[in-house]
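Below is one structure, written out as structure tokens, with a few remarks after it.
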Amino acid sequence: MNLAAWLDAAGRTDGTVLALASGTRDLATYHALAATAARLAGGLARAGIARDDRVAIVASNHPDYVACLHAIWWVGAVAVPLNAKLHEREVAWALENAGARIVFVSADHETAVAGAAPPCVERVVAFGGPEHRELSAAEPIAVAERSADDLAWLFYTSGTTGRPKGAMLSHGNLATMTFAYLAEVDPTVPGDCLIHAAPMSHGSGLYMPAHVLRRAVNVVPESGGFDPEEIGGIASHRRRASLFAAPTMVKRMVTAGVDDPTAFRTVVYGGGPMYAADAEAALDVFGPRLAQIYGQGETPMTISTLRRDMIADREHPDWRRRLASVGHPFAAVEVRIADASGRPVEPGEAGEILVHGATVMKGYWQNREASGRALAGGWLHTGDVGVLDEHRLLTLKDRSKDVIISGGSNIYPREVEETLLRHPGVREVSVIGRKDEDWGEVVVACVVGDVSPEELDALCLSEIARFKRPKHYRFYETLPKNNYGKVLKVKLRELDRDED
Ligand code: AMP
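In structure tokens form, the structure reads like this:
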């Protein structure tokens with residue numbers, strides 16, 4: 397099985413259906429898109445790219461991304477989509493680690509990538525440039541035979557700590573992820589569209605095959621970035637629009653205002669914590685069109701999902717608990733909560749979330765040690781702490797390394813953050829631990845907003861156990877984030893140490 401075969405089939409069975417658009421502009425039918433990918437695959441083969449070779453993409457969201465990714469699979473190679481917002485040094489490191497032979501870039505990244513490319517890179521090909529045109533003028537080739545176990549995508553983890561690692565995702569992993577999405581998140585049908593509002597190197601790109609399989613339109617915003625107004629405009633024009641968005645993006649859309657929520661089919665959020673207060677505000681704006689997924693690069697987009705009807709059903713006695721959860725495990729995977737020695741804990745008890753199933757990566761690229769640790773005992777160790785209740789509702793606590801242990805008690809920053817965010821003066825917050833001689837660690841709240849420590853302390857006293865209250869408050873203009881918008885707690889801990 398080869399994911400590119402889905403595009404090949406779409407070109408043959410539904411050739412006249414619209415496949416690709418740039419904002420409100422239609423660009424290509426399935427016949428045309430498949431033909432472009434087949435020719436570009438021919439060009440890659442002529443350039444010496446063979447099965448299992450790595451071909452990277454460092455690009456802002458761009459319509460050429462779609463054919464390019466498929467051409468890489470078509471020729472049997474492994475795609476390495478990198479976040480275009482990474483620092484040049486980080487890009488160079490990942491290219492070297494992956495041993496990428498060719499790198500496709502959007503024009504805005506050409507100079508930086510060309511300047512930083514390690515020796516393994518033979519060509520840097522700019523989307524729409526002369527080399528790209530030349531490669532795309534080759535004779536089309538047939539889709540390479542691949543087995544479900546063969547690699548399709550090296551997914552470099554976002555690296556909130558240390559060097560990113562390349563999760564090896566196979567064609568089988570991504571096919572199962574696609575079926576899981578279509579069965580449990582959004583049963584996409586022809587005529588729908590996917591607006592690539594989030595990076596195509598990450599969650600949004602991973603949803604591309606589902607939309608090809610179902611003959612929907614892949615729509616790339618003209619800005620190549622995320623602009624709530626532009627997304628609203630595209631949705632109104634196209635209707636039946638779905639998108640994947642990080643919780644911070646949903647929040648920005650809600651703050652900016654959405655003129656026509658009925659233009660959206662599904663807004664899938666995930667990739668980071670959506671605080672209950674923000675989920676409620678989003679529900680007020682979008683209505684029953686929100687779905688949540690919880691996953692990680694190592695089991696892409698597929699650990700659990702909170703269905704749209706569960707998010708929308710305010711009358712349900714468990715509604716608030718559901719909203720604060722990450723839903724139920726996908727049918728495609730088994731999820732288990734385990735203690736430090738890997739033994740399953742009782743329902744309702746906190747432990748590390750372990751995952752087993754057909755979406756779980758084969759390991760990390762050229763990193764046996766980290767692979768062994770992550771896949772010990774045949775289960776993916778997510779590094780996330782969670783609780784599964786007796787109804788199989790999964791609630792995420794925190795990354796295990798972010799849990800604060802104060803006076804021997806575990807404090808989950810997320811719970812404290814949820815509480816602080818209920819104060820209208822708090823715009824953003826992140827809670828970390830600070831080493832302390834008496835307590836082991838004490839709780840520090842890093843806050844963006846107009847509010848006093850006394851007000852926040854009073855709120856905590858009324859809502860959570862005393863030992864969980866922040867002992868210190870720090871106020872910032874903004875919180876440090878990585879390129880996917882995730883708050884860097886490591887950085888906050890450094891700042892806190894330096895300023896102490
Ligand atoms: P990445 O591999 O970059 O996609 O990061 C995955 C990590 O993001 C997970 O291990 C979680 O810690 C976090 N994450 C993903 N989805 C969610 C979600 N729905 N709610 C809270 N955290 C999430």
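Using my numbering, read the sequence shown as starting at 397 and increasing by one per residue. Glycine included, C-beta positions come from ideal geometry on N, C-alpha and C.
Member of Ala720, Asp846, Gly747 and Thr409 whose CA lies at the smallest distance from the CA of Arg810
For this step, residue 810 is matched to residue 414 along the sequence shown. Out of Ala720, Asp846, Gly747 and Thr409, Ala720 has the C-alpha closest to the C-alpha of Arg810.
The alpha helix (DSSP H) spanning Lys887 covers which residue range?
Start at 1 with the first residue of the sequence shown, and residue 887 comes out as number 491. Lys885 to Glu895 is the span of the alpha helix (DSSP H), which, as asked, contains Lys887.
Looking only at its own chain, which residues have a Cβ that is under 6 Å from the Cβ of Ala441, when we skip the five neighbours before and after it?
For the purposes of this step, residue 441 is identified with residue 45 of the sequence shown, where counting begins at 1. So the qualifying residues of the chain are Val471 and Ile537.
Kindly indicate which residue of Phe523, Ala540 and Val539 has the alpha-carbon position closest to the one of Ser389.
Nothing can be reported for residue 389: it is not among the residues displayed for the chain, which extend from 397 to 896.
Would you mind reading off the limits of the alpha helix (DSSP H) that contains Lys647?
The count along the sequence shown starts at 1 and reaches residue 647 at position 251. First-last of the alpha helix (DSSP H) with Lys647: Pro643 to Ala652.
Cβ atoms of Ser700 and Glu748: under 8 Å apart, would you say?
The sequence position of residue 748 within the sequence shown is 352, counting from 1. The sequence position of residue 700 within the sequence shown is 304, counting from 1. Not in contact: Glu748 and Ser700 (Cβ atoms no closer than 8 Å).
How is Thr507 classed by DSSP in three states: helix, strand or coil?
In the sequence shown, the residue the question calls residue 507 occupies position 111. DSSP places Thr507 in helix when its eight states are reduced to three.
Give every residue of the same chain whose Cβ lies closer than 6 Å to the Cβ of Arg788, excluding the five residues on either side of it in the sequence, and list them in chain order.
As a working mapping, residue 788 is identified with position 392 in the sequence shown. Cβ within range, chain order: His724.
Grouping DSSP H, G and I as helix and E and B as strand, with all else coil, what is Leu852?
Translated into the one-based positions of the sequence shown, residue 852 becomes position 456. Looking at Leu852 - three-state DSSP - the assignment turns out to be helix.
Of the residues Ile860, Pro586 and Thr412, the one placed nearest Leu816, counting alpha carbons only:
On the sequence shown, residue 816 is found 420 positions in, with the first residue counted as 1. Among Ile860, Pro586 and Thr412, the Cα nearest to that of Leu816 belongs to Ile860.
Mind listing, in chain order, the continuous alpha helix (DSSP H) runs of no fewer than 4 residues lying wholly within the segment 731 to 792?
764 to 770
To the nearest angstrom, report how far apart His466 and Phe622 are at their CA atoms.
For the purposes of this step, residue 466 is identified with residue 70 of the sequence shown, where counting begins at 1. For the purposes of this step, residue 622 is identified with residue 226 of the sequence shown, where counting begins at 1. Spanning the two alpha carbons is a distance of roughly 24 Å.
If you run the structure through DSSP and keep just helix, strand and coil, what is Ser721?
Translated into the one-based positions of the sequence shown, residue 721 becomes position 325. In this structure, Ser721 counts as coil in the three-state DSSP scheme.
Beta-bridge partners of Cys516, as assigned by DSSP
Position 120 of the sequence shown, counted from the first residue, corresponds to residue 516. DSSP output for Cys516 lists no bridge partner at all.
Beta-carbon spacing of Arg818, Ala673 below 8 Å:
Along the sequence shown, one-based indexing puts residue 818 at 422. Along the sequence shown, one-based indexing puts residue 673 at 277. Taking 8 Å as the Cβ cut-off, Arg818 and Ala673 qualify as a contacting pair.
Closest by CA to Gly587, which one among His633, Ser858, Asp896 and His505?
The count along the sequence shown starts at 1 and reaches residue 587 at position 191. Closest option to Gly587, Cα to Cα, is His633.
Going by other Cβ atoms of all chains shown within 10 Å of its Cβ, with 16 needed for buried, is Gln762 buried or exposed?
Position 366 of the sequence shown, counted from the start, is the residue given in the question as residue 762. It counts as exposed.
Which of helix, strand or coil does DSSP assign to Ile699?
Mapped onto the sequence shown, residue 699 falls at position 303. Correct three-state label for Ile699: strand.
Under 7 Å Cβ to Cβ from Leu347, same chain only, skipping five residues before and after it: list those, please.
The structure shown does not extend to residue 347, since the chain is modelled only from 397 through 896, so no value can be given for it.
Where Ser566 falls: helix, strand or coil (DSSP)
In the sequence shown, residue 566 corresponds to position 170, counting from 1. In this structure, DSSP gives Ser566 an extended state, which the three-state scheme calls strand.
Using beta-carbon positions only, say whether Glu625 and Ser418 come within less than 8 Å of one another.
Reading the sequence shown from its first residue, position 229 is the one you call residue 625. Reading the sequence shown from its first residue, position 22 is the one you call residue 418. No, the pair does not count as a contact, with Cβ atoms beyond the cut-off.
State the start and end residues of the unbroken beta strand (DSSP E) segment that holds Tyr665.
Here residue 665 refers to the residue found at position 269 when the sequence shown is read from its first residue. Note, Tyr665: beta strand (DSSP E), Phe660 to Gly666.
In or out: Arg661 buried (at least 16 other Cβ within 10 Å) or exposed?
The sequence position of residue 661 within the sequence shown is 265, counting from 1. The residue is buried, with at least 16 neighbouring Cβ atoms inside 10 Å.
For Met757, which residues of its own chain have a beta-carbon under 6 Å away from its beta-carbon, when the five flanking residues on both sides are left out?
Locating residue 757 in the sequence shown gives position 361, where the first residue counts as 1. Counting only Cβ-Cβ distances below 6 Å, and skipping sequence neighbours, we find Ala563, Met564, Leu565 and Glu694.
My guess is that Arg635 and Ala606 are in contact by the Cβ rule of under 8 Å, so how many angstroms apart are they, rounded?
Counting from 1 along the sequence shown, the entry for residue 635 is found at position 239. Counting from 1 along the sequence shown, the entry for residue 606 is found at position 210. At roughly 19 Å, the Cβ-Cβ gap does not stay under 8 Å, so Arg635 and Ala606 are not in contact.
What does DSSP give as the partner residues of Ile707 in its beta bridges?
As a first step, residue 707 must be located in the sequence shown, where it is residue number 311. DSSP output for Ile707 lists no bridge partner at all.
Write down the C-beta distance between Tyr577 and Met397 rounded to the nearest angstrom, noting that I regard them as a contact closer than 8 Å.
Your numbering for residue 577 matches position 181 in the sequence shown. Your numbering for residue 397 matches position 1 in the sequence shown. In fact, because the Cβ distance is near 17 Å, the residues do not count as touching under 8 Å.
Check whether the Cβ of Arg718 sits closer than 7 Å to any heavy atom of the ligand AMP, and report yes or no.
In the sequence shown, residue 718 corresponds to position 322, counting from 1. It does not: the Cβ of Arg718 is nowhere closer than 7 Å to a heavy atom of the ligand AMP.
Sequence-distant residues of its chain with Cβ nearer than 7 Å to Ala892 (five each side left out):
For the purposes of this step, residue 892 is taken as residue 496 along the sequence shown, with counting starting at 1. Note on identity: in this sequence residue 892 is Asp, with Ala being the wrong assignment. Contacts found: Ile828, Arg830, Val840 and Arg870.
My output table needs one value for Thr412: the three-state DSSP class, helix, strand or coil.
As a working note, residue 412 is residue 16 in the sequence shown. Coil.
In three-state DSSP terms, what is Val615?
Along the sequence shown, one-based indexing puts residue 615 at 219. DSSP places Val615 in strand when its eight states are reduced to three.
Simplified DSSP state of Arg818, which is helix, strand or coil
Here residue 818 corresponds to residue number 422 of the sequence shown, with the count starting at 1. Coil, per DSSP.
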